[in-house]
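Asker:
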Amino acid sequence: MPDDQRRPYAVLDIDATLSDTSQRIKFLERKPKDWDSFFAHAKDDAVLDEGLAVATTLAADHEIVYLTGRPERLRRDTVKWFEDNGFPEGKLLMRGNNDRRPSATMKLARLRTLAQERRVAVLVDDDVRVCAAAEKAGYPVMRADWGLDPETQPALFEAQEKEGRT
């Protein structure tokens, strides 16, 4: 199908955009951070209803891409979580297991790669730095302000931006 006839991408973050991470933030507030427990409990996250509604609405006329800072080793649990919670099908792009770049850097690189395939119509993300970087690069952004706000959740913000972990 010619590029101009394919549905554009809608790119959605997962943690604090589609999934409620509030029950596992406690593992990042400890010193040292308990990354194994933080990620082990991702499969138990509740769904953020607003995130599911946005994903479902966008899926009607967009190709869905889930772009997450979760490490690749969580792929099976993440796919099962999507299936168990009624999310639309989509391509899942995850952080490499050893990738520690800030989320804004990692996600912007992935957006650029996606844009080479077809138009990126929107990025939906909770992280203000990811949103700002995407907007600066010319991508339309919907800020997911219905989940945890990384600026008011210092442990999550640090994990995303300073440690490149989620």
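Counting from 1 along the sequence shown, just add 93 to a position and that's the residue number in the numbering used here. Ideal placement from N, C-alpha and C gives every residue a C-beta, glycine not left out. Keep in mind that this is a model prediction, so the values were computed, not measured.
1) Could you tell me which of T114, R194, K184 sits nearest to A148, measuring between CA atoms?
2) If I follow the unbroken beta strand (DSSP E) through G183, where does it start and stop?
3) What's the call for S196, buried or exposed, on a 16-neighbour Cβ count within 10 Å?
4) Assuming G179 and L145 are in contact, meaning their beta carbons sit under 8 Å apart, how far apart are those beta carbons, in whole angstroms?
5) Are at least three pairs of beta-carbons, each pair with one atom in the segment 219-231 and one in the segment 116-128, less than 8 Å apart?
6) Helix, strand or coil for D218, going by three-state DSSP, please let me know.
7) Given this structure, state the Cα-to-Cα distance separating E156 from F131, to the nearest angstrom.
8) Roughly how many angstroms lie between the CA atoms of D192 and L160, to the nearest whole one?
9) Assuming E122 is part of the alpha helix (DSSP H), what are its boundary residues?
10) Helix, strand or coil, according to DSSP, for G231 in the structure here?
11) Since L216 contacts A227 with CB under 8 Å, what's their CB separation in whole angstroms?
12) Look up S130 in the DSSP assignment and say whether it is helix, strand or coil.
13) Pull up the distance between the alpha-carbon of R203 and that of V223, whole angstroms please.
14) Rounding to the nearest angstrom, what Cα-Cα distance links E176 and A225 in this structure?
15) Assuming L167 and A214 are in contact, meaning their beta carbons sit under 8 Å apart, how far apart are those beta carbons, in whole angstroms?
16) Determine the DSSP secondary structure at G179, reduced to helix, strand or coil.
17) Would you identify the three-state DSSP class for T114, choosing helix, strand or coil?
Answerer: Taking the geometry as given:
1) K184
2) G183 -> no beta strand (DSSP E), and no H or E assigned at all.
3) Of the residues assessed, S196 falls on the buried side of the cut-off, its CB having 16 or more other CB atoms within 10 angstroms.
4) 7 Å
5) Counting Cβ pairs under 8 Å, fewer than three are found: no touch.
6) For D218, the secondary structure class from DSSP, reduced to helix, strand or coil, is strand.
7) 30 Å
8) 14 Å
9) E122 -> no alpha helix (DSSP H), and no H or E assigned at all.
10) coil
11) 5 Å
12) helix
13) When rounded, the distance between both Cα atoms is 12 Å.
14) 30 Å
15) Wrong, their Cβ atoms sit about 26 Å apart, outside the cutoff.
16) coil
17) coil
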